[in-house]
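In case it helps, mature numbering (1 follows the signal peptide of the UniProt record, and there is no 0) puts the sequence shown at residues -23 to -1, 1 to 426.
Ideal Cβ positions, reconstructed from N, Cα and C, are used throughout, including at glycine.
All figures in this text were calculated on a predicted structure; none of them were measured in a lab.
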Amino acid sequence: MRNRILCGLLAALFLTTLQPARAQNPFITSQFTADPTARVFGDRVYVYPSHDIPCGPGRGKIGWFCMEDYHVFSSANLTDWTDHGVIVTQNKVPWVKPDSYSMWAPDCVFRNGKYYFYFPTTPRDTTQSKGFRIGVAVADKPTGPFLPQPAPIAGVHGIDPNVFIDKDGQAYLYWSQGEIYGAKLQENMLALASEPKTLGELPTKGLKEGPYVFERKGIYYLTYPHVENKTERLEYATSTSPLGPFTVKGVIMDESPTGCWTNHHSLLQLKNQWYLFYHHNDLSPEFDKNRSVRIDSLSFAADGSIRKVKPTLRGVGLTDARQKIQLDRYSQLSEQGAAIAFLDPANPFRGWKTVFTGPGGWVQYGGVAFSPQKPKTVLLRAASATGATLQIRLNHAAGPILAEVTVPKGGAWQDVKAPVLSFKPGTHALYVAPKSKEGAVEVDWVRFE
C-alpha cells in the first residue's frame, strides 16, 4: 500500500506545473517542503526549506526522508510566493556524498555583503567520523547562485544548523546531534571561533533537535522540537546570554493531532507582527516523511513568554477577492454537513475541495480584501450531481447575502457565475453554505469579478 502511495506521489510530482502559492496553509503546494527557515532580506521574506521527495529504487531509503536539493521561495506580502528554483544540490557539492539524499534542514543569513547558506548532509569521506557534517554555500544574492565551500565546517558534526547574529555583531552557530550545541563563528562565517558548547539545560528525556535562536527585548530564546511523548512538539527556553545557561519555559506548539512525527520551525518578526513557520504533512497525510511548510501568527505575553500557537489551515495574510479563494483552507468549518477532501487523491498537488454533504454544513474563510469598487459577479467552480444553490454571505450566517449561486445538475466541474447582490468594501470573511437541505455540492474555489 505504501509503495503504491509513493509511486502515485512521485508521478504527481513530475506532472505538476509550478504555480505561485497563496497565503493558505500549506503555503507551498507545488512540491513537498519542510524545515522552513524564514529571513527578511530587503523588502521581501525568503524561506529556505528542505525539499522532501518520494523515495524509489536507487533514490534514497524507502520509507524514510529523501532530500537531494534546496529551493528558495520569496514573498513581499506572505501571500504570494515565488519559487526561485534550486540553489544547492547534493551532486554539486565537493565534499558531499552525491547519492546520499540527506540534504536536511538548512539556514541562511546575510553578513558582510554576502549570503551564507548552511546545510547538513552526509559526507563522501566517513573515515574521520560517521554521521552528518554541516557545510556553507556563499552568494551575492539571497536567491543565488550559491557557491559551496570545498569542505564542511571543521569541528561541527550534526544536523539542523541555525545562525544567530547578536546586536554586538558576534555570530553564533547552533546545531543538534542528540544534544543541542552552540559555538561562536569567526568573522568570515565559515569557521568556529570557539569550542562547541553543549546546551545541557534542556530536557534530558526524548529527542531534541532543530534549534532556532533569536533575541527579543534582551531575552535570548532557544526554540527547538522535542519528543516529550510520541511526536515532536515545539518548545522554548530563555537566557540572558546567547550560549546560556537556558531555562526551559514552555511549549510553542503541541504535538500534531494527526500524528506527523516531526516538526521544525523558525520565527520571524515583520512589521511588528511575529510569525511561526513550521511544517506538517498536509499533502501526504498517509506518509509523514513528505511534508509541507506552514505559517501562523505568534505573539508574546507581557512577561516575554510565548503564547501557544494553534495550527490553522487559513494561515496568514489577506486574499484579494479577485483571486481564487480556496474555501477548503478555512478559518472555521461546521462539525457536520461539510468536509475537506483532495481534488485528486492521486495528485495531491492539485489541492483540496470543500464538500457540503448534508444539512447544517457551512464554511467560513477570513481575511478577504475587497477593493472600493463593487464587483459585478462572483465566479464559483463547483460540482453537484443533483443540483444545488449556494449562498455566499458576508462574515457570518446572519450576514448580508453577497450572492446566491445555482450549480446546475451534473457531476462534472462547472464555472458558475451569479450577480453580486450586496457589497461592502474592506476586509471581511466569507460564509458559504447551501441554501436548502437538498443536494450535495462540492466547491473548488470562489472569485469575485
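Would you say the beta carbon of S308 is closer than 7 Å to some non-hydrogen atom of the ligand ATP? This structure does not include the ligand ATP; it has no bound ligands of any sort.
For Q67, does the three-state DSSP call read helix, strand or coil? In the structure shown, Q67 sits in a helix (DSSP, three-state: H, G or I).
By the 10 Å Cβ neighbour count, where 16 or more other Cβ atoms means buried, how is T407 classified, buried or exposed? Looking at the sequence shown, residue 407 is not Thr but Leu. Flag for L407 reads buried.
Out of V86, T98, Y92, state which residue places its alpha-carbon closest to the alpha-carbon of residue 427. It is not possible to answer for residue 427, since the shown part of the chain is limited to -23 through 426.
Can you tell me whether residue 434 is buried or exposed, with buried defined as 16 or more other CB within 10 angstroms of its CB? Residue 434 cannot be examined here, being either before or after the span of the chain that is shown, -23 to 426.
In whole angstroms, what is the alpha-carbon distance linking C32 and D265? Straight-line Cα distance between these residues: approximately 13 Å.
Assuming N139 and Y189 are in contact, meaning their beta carbons sit under 8 Å apart, how far apart are those beta carbons, in whole angstroms? Between N139 and Y189 a beta carbon distance of about 5 Å is seen, short of the 8 Å cut, so the two are scored as contacting.
Residues bridged to R88 (per DSSP): Paired residue(s): K91.
Reference G335, options E415, R268, S77, closest by Cα: Looking at E415, R268, S77, the one whose alpha-carbon comes closest to that of G335 is E415.
Would you decide whether H373 is buried or exposed? Buried here means 16 or more other CB atoms lie within 10 Å of its CB. Result: exposed.
So L247 and L275 are supposed to be a Cβ contact under 8 Å. How far apart are they, rounded? The Cβ separation is near 11 Å, so there is no contact.
With distances taken between CB atoms, is the gap from A116 to F123 smaller than 8 Å? Taking a C-beta distance under 8 Å as the contact criterion, A116 and F123 qualify as a contact pair.
Alpha carbon to alpha carbon, what distance is there between K207 and K107? If you take the alpha carbons of K107 and K207, they lie about 27 Å apart.
Alpha carbon of K182 to alpha carbon of G135, nearest angstrom: For K182 and G135, the distance between alpha carbons rounds to 19 Å.
Apply the 10 Å Cβ neighbour rule to L55 and answer buried if 16 or more other Cβ atoms are within range, or exposed otherwise. L55 is buried by the Cβ-count criterion.
Check whether D273 and G294 have beta carbons under 8 Å apart: No, Cβ-Cβ distance for D273 and G294 is not below 8 Å.
In terms of alpha-carbon separation, which member of I157, P180, T363, P411 lies closest to I378? Out of I157, P180, T363, P411, P411 has the C-alpha closest to the C-alpha of I378.
Once you ignore the five residues that flank G403 on each side, which residues in its own chain have a CB closer than 7 Å to its CB? Closer than 7 Å at Cβ, skipping near neighbours: F347.
Cutoff 6 Å; reference N2; Cβ partners in own chain excluding five residues on either side: These residues qualify, in order along the chain: R271, L290, G292.
Assuming T363 contacts A417 (C-beta within less than 8 Å), just tell me the rounded distance between them. Here T363 really is in contact with A417; their C-beta atoms are around 7 Å apart, less than 8 Å.
Should E426 be labelled buried (16 or more other beta-carbon atoms within 10 Å of its own) or exposed? Counting Cβ neighbours within 10 Å, E426 comes out exposed, since fewer than 16 surround it.
Within a Cβ cutoff of 7 Å, which residues of the same chain sit near F319, ignoring the five residues on either side of it in sequence? Spatial neighbours of F319 in its own chain (CB-CB distance under 7 Å, excluding positions within 5 residues in sequence) are listed in chain order as P325, W329.
What is the rounded straight-line gap between the Cα of D143 and the Cα of R88? In this structure, the CA atom of D143 is about 12 Å from the CA atom of R88.
Please classify P83: does DSSP put it in a helix, a strand, or coil? Correct three-state label for P83: coil.
Residues bridged to L245 [DSSP beta-bridge criterion]: DSSP, once it has assigned bridges, lists Y252 as partnering L245.
On a Cα-Cα basis, can you pick out the residue from I30, Y25, D84 that is closest to I39? Comparing Cα positions, the closest option is I30.
Please report how far the alpha carbon of G90 lies from the alpha carbon of K118, in whole angstroms. A straight-line Cα-Cα distance of about 9 Å links G90 and K118.
Can you list the beta strand (DSSP E) stretches of 3 or more residues lying completely in the segment 138 to 179, in chain order? For the segment 138 to 179, whole beta strand (DSSP E) runs of length 3 or above, ordered along the chain, are 148 to 154, 156 to 161.
Three-state class that DSSP yields for P325 in the structure shown: DSSP, read as helix, strand or coil, puts P325 in helix.
Determine the DSSP secondary structure at F223, reduced to helix, strand or coil. If DSSP states are grouped into helix, strand and coil, F223 belongs with coil.
Please state whether the Cβ-Cβ distance between L367 and K401 is less than 8 Å. At the C-beta level, L367 and K401 stay beyond 8 Å of one another.
According to DSSP, which residues form a beta bridge with V286? Answer is none; V286 lacks a bridge partner.
Taking the alpha-carbon positions, what's the T383 to I369 distance? It is roughly 11 Å from the alpha-carbon of T383 to the alpha-carbon of I369.
Skipping 5 residues on each side, what residues in its chain have a beta carbon closer than 8 Å to that of W422? Cβ neighbours of W422 beyond the five flanking positions: K301, I302, Q303, L304, L357, R358.
Please go through the same chain and pick out, in chain order, the residues whose beta-carbon is closer than 6 Å to the beta-carbon of R(-22), but skip the five residues on each side of it. The pLDDT assigned to R(-22) is 41, lower than 50, so where the model puts this residue is not dependable; a value taken from the coordinates is nonetheless given after this. Closer than 6 Å at Cβ, skipping near neighbours: no residue.
Which ranges would you report for the beta strand (DSSP E) in the segment 18 to 66 if only whole runs of at least 3 residues count? Counting only runs of 3 or more, we get 21 to 27, 46 to 52, 59 to 66.
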